[in-house]
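Undergrad: By the count of our numbering, the sequence shown reaches residue 505 at its end, each step adding exactly one. All residues carry an ideal CB built from backbone N, CA and C; glycine is no exception. The structure presented is a predicted model; accordingly, all values stated were derived computationally and were not measured. Just dropping this structure here.
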Amino acid sequence: MAPLKILICGGGCAGPSLAFWLARVGHHVTIVERFPALRASGAQIDIRAQGIEVIKRMGLIDVVRSKLVDEVGMSMVDTHNTTKATVLANKTGKGGQTASAEYEIMRGDLVRILYDATKDNVEYIFGVTVEHFEQYEDHVEVHFSDGRTDTFDLLVGADGQGSRIRKAIMPPDAPEPYRRLGVYFSYWFVPRTEVDDNLFKVYHCPGGRAVVSRSHSPTESQAYFVFKDDSEETRSLFRAPIEQQKEYLEQKFRGAGWQTDRFIEGMKTTDNFYCQEIVQVRTDTWYKNRVVLLGDAGYCPSPLSAMGTTASFVGAYVLAGEINRNSEDLPQAFANYEKALRPFVDELQNINLKLVLGLGLPQTQLAISILQAAVWLFCFLRIPQLIHKYTSDDVGDWKLPDYSDVRQNQ
């Protein structure tokens, strides 16, 4: 098998995960990342289900465990910080998970782990992205933002839910790839205070709004604002300058209670602000000739599913396995990848998120009180413990394939 020359666009979690497997078996891999340096930052993410097994197969489980956030569960609170219900995390290593997973980690720490595991045999180019490309029968010609041109055997779009690679391979008359949920979320870091602890705290306020805090270090906590809004005006706002986004959020949440005003003050000076519309990415196909999509670029399940990182790790493993088995017939490799992974992705994306959002972001104080009472009863009846004991964290009946050929040097 002749080694392939592979370009991956995107240096977050999905791209380096794929590079890890491909470089291990001798392929020549380059990752281009539009940020000028490694973007080892971001909010708290989790690894669940079959994604944990992929981490184990990578041999990275111990280093990932060493960086986990010490979060013991999720708690609903009222404006006085009084706990209404608490669902503890399942830390047993088996059984179903709850809102706070066993493997909670800061995105920056996971990105750094993947970079350290690949930097010696993968070429990283920062501050550059793919401007456009042309496909030929035996190669892809790629034109970069710095004016360079190079050829590769294949191009992987791992450039997130707003993927430019996806846009370039979709037909002009293809339907919009986004399933819009009418929900937005934003996060930033604030100084930690005595109110913050190792619980994932959720405060609901009327109008389909929620305020969340999570603490990941002795000095910092994460603040999140989540809200429902179906208007086109709001959708366009989050393409506006950051200061305009912050002003909108201040107007939306000022005076809502609990720690909201403290979080707004922290938002004004933070260096870690991020805001986005929550969507799913759904496309009829994940590849065209020698270009293929990975992770959020092809099948973002939405942050509300808590499965985006898992989907990226699982997708990277399956794609690497099929490329390695079919290196002389890449369209067949990509077809096999989609056939193998599509049932897994369908399971992730077929969750009734509209129902979840309707229940999880109540419009009235009465509905909030009912939700809190329902979760309290859920815990009083020890249903979380039954979930831990009698259910699996795996996604449906889907089995992770065994690509022993890409694991041979482990």
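Compute the distance between the beta-carbons of residue 212 and residue 295, then report whether it is under 8 Å.
TA: In this structure, residue 295 does not lie closer than 8 Å to residue 212 by Cβ.
Undergrad: How about residue 248 and residue 100: do their beta carbons lie closer than 8 Å?
TA: Going by C-beta atoms, residue 248 is nearer than 8 Å to residue 100.
Undergrad: Does the structure place the stretch 181-188 close enough to the stretch 233-247 that three or more beta carbon pairs sit under 8 Å?
TA: No, the stretch 233-247 does not touch the stretch 181-188.
Undergrad: Name the residue from 175, 111, 276, 492 whose alpha carbon lies nearest to the alpha carbon of residue 214.
TA: Answer by Cα proximity: 111.
Undergrad: Are the CB atoms of residue 171 and residue 354 nearer to each other than 8 Å?
TA: No; because the gap between Cβ atoms is not below 8 Å, this pair is not in contact.
Undergrad: Taking contact to mean at least 3 C-beta pairs separated by less than 8 Å, is the stretch 394-406 in contact with the stretch 339-358?
TA: With a cut-off of 8 Å, the stretch 339-358 and the stretch 394-406 do not count as touching, because too few Cβ pairs lie within range.
Undergrad: Spatial neighbours of residue 417 within its chain, please: CB distance less than 6 Å, with the 5 preceding and 5 following residues excluded, ordered by chain position.
TA: Within the same chain, residue 417 has close Cβ partners 428, 431, 432.
Undergrad: Identify every residue that forms a DSSP beta bridge with residue 218.
TA: 125.
Undergrad: By Cβ distance, which residues of its chain are closer than 6 Å to residue 159, with the 5 residues on each side in sequence left out?
TA: So the list reads 150, once near-sequence residues are dropped.
Undergrad: Identify the continuous beta strand (DSSP E) that holds residue 275 and give its terminal residues.
TA: Unbroken beta strand (DSSP E) run through residue 275: 273-286.
Undergrad: Please work out which residues of its chain come closer than 6 Å, Cβ to Cβ, to residue 133, disregarding the five sequence neighbours upstream and downstream, and give them in chain order.
TA: Result list for residue 133: 210, in chain order.
Undergrad: Following the continuous alpha helix (DSSP H) through residue 427, name the residue where it begins and the one where it ends.
TA: Segment 425-444, the alpha helix (DSSP H) holding residue 427.
Undergrad: My assumption, with CB atoms under 8 Å, is that residue 477 sits in contact with residue 377. Please give the rounded CB distance.
TA: Contact doesn't hold; Cβ gap of about 37 Å is too wide.
Undergrad: According to DSSP, is residue 329 helix, strand or coil?
TA: It is helical.
Undergrad: Select from 225, 162, 349 the residue whose C-alpha is nearest the C-alpha of residue 198.
TA: Considering only alpha carbons, the answer is 162.
Undergrad: Along the chain, where does the alpha helix (DSSP H) containing residue 177 start, and where does it finish?
TA: Neither: residue 177 is in no alpha helix (DSSP H) and is coded neither H nor E.
Undergrad: Can you tell which of 307, 326, 323 has its C-alpha closest to the C-alpha of residue 317?
TA: Among 307, 326, 323, the Cα nearest to that of residue 317 is on 307.
Undergrad: Please classify residue 231: does DSSP put it in a helix, a strand, or coil?
TA: Three-state DSSP puts residue 231 in coil, outside helix and strand.
Undergrad: Mind checking who residue 61 pairs with in its DSSP beta bridge?
TA: A query on residue 61 cannot be resolved here, the shown segment of the chain reaching from 96 to 505 and no further.
Undergrad: In three-state terms, what does DSSP make of residue 130?
TA: It is coil, neither helix nor strand.
Undergrad: Where does residue 141 land, buried or exposed, given buried means 16+ other C-beta within 10 angstroms?
TA: Residue 141 comes out buried.
Undergrad: Three or more C-beta pairs under 8 Å: does that hold for the stretch 245-261 against the stretch 220-233?
TA: Touching, per the Cβ criterion.
Undergrad: Using the DSSP secondary-structure output, state which residues sit across from residue 238 in a beta bridge.
TA: Paired residue(s): 227, 244.
Undergrad: Cα separation between residue 380 and residue 265?
TA: Going by the C-alpha atoms only, they are around 9 Å apart.
Undergrad: Can you tell me where the beta strand (DSSP E) with residue 299 in it begins and where it stops?
TA: 294-300 is the span of the beta strand (DSSP E), which, as asked, contains residue 299.
Undergrad: Sort 501, 401, 473 by Cα distance to residue 146 and report the nearest one.
TA: Comparing Cα-Cα distances from residue 146 to each of 501, 401, 473, the minimum goes to 401.
Undergrad: So which of 282, 348, 255 has the shortest CA-CA distance to residue 299?
TA: Among 282, 348, 255, the Cα nearest to that of residue 299 is on 348.
Undergrad: Could you compute how far the alpha carbon of residue 437 sits from the alpha carbon of residue 253?
TA: Cα-Cα distance, rounded: 17 Å.
Undergrad: Residue 304 and residue 322: beta carbons closer than 8 Å?
TA: Yes, the Cβ-Cβ distance between residue 304 and residue 322 is below 8 Å.
Undergrad: Should residue 414 be flagged as near chain D, meaning a C-beta pair shorter than 8 Å?
TA: Given the protein chain composition of this structure (a single chain), no chain D is represented.
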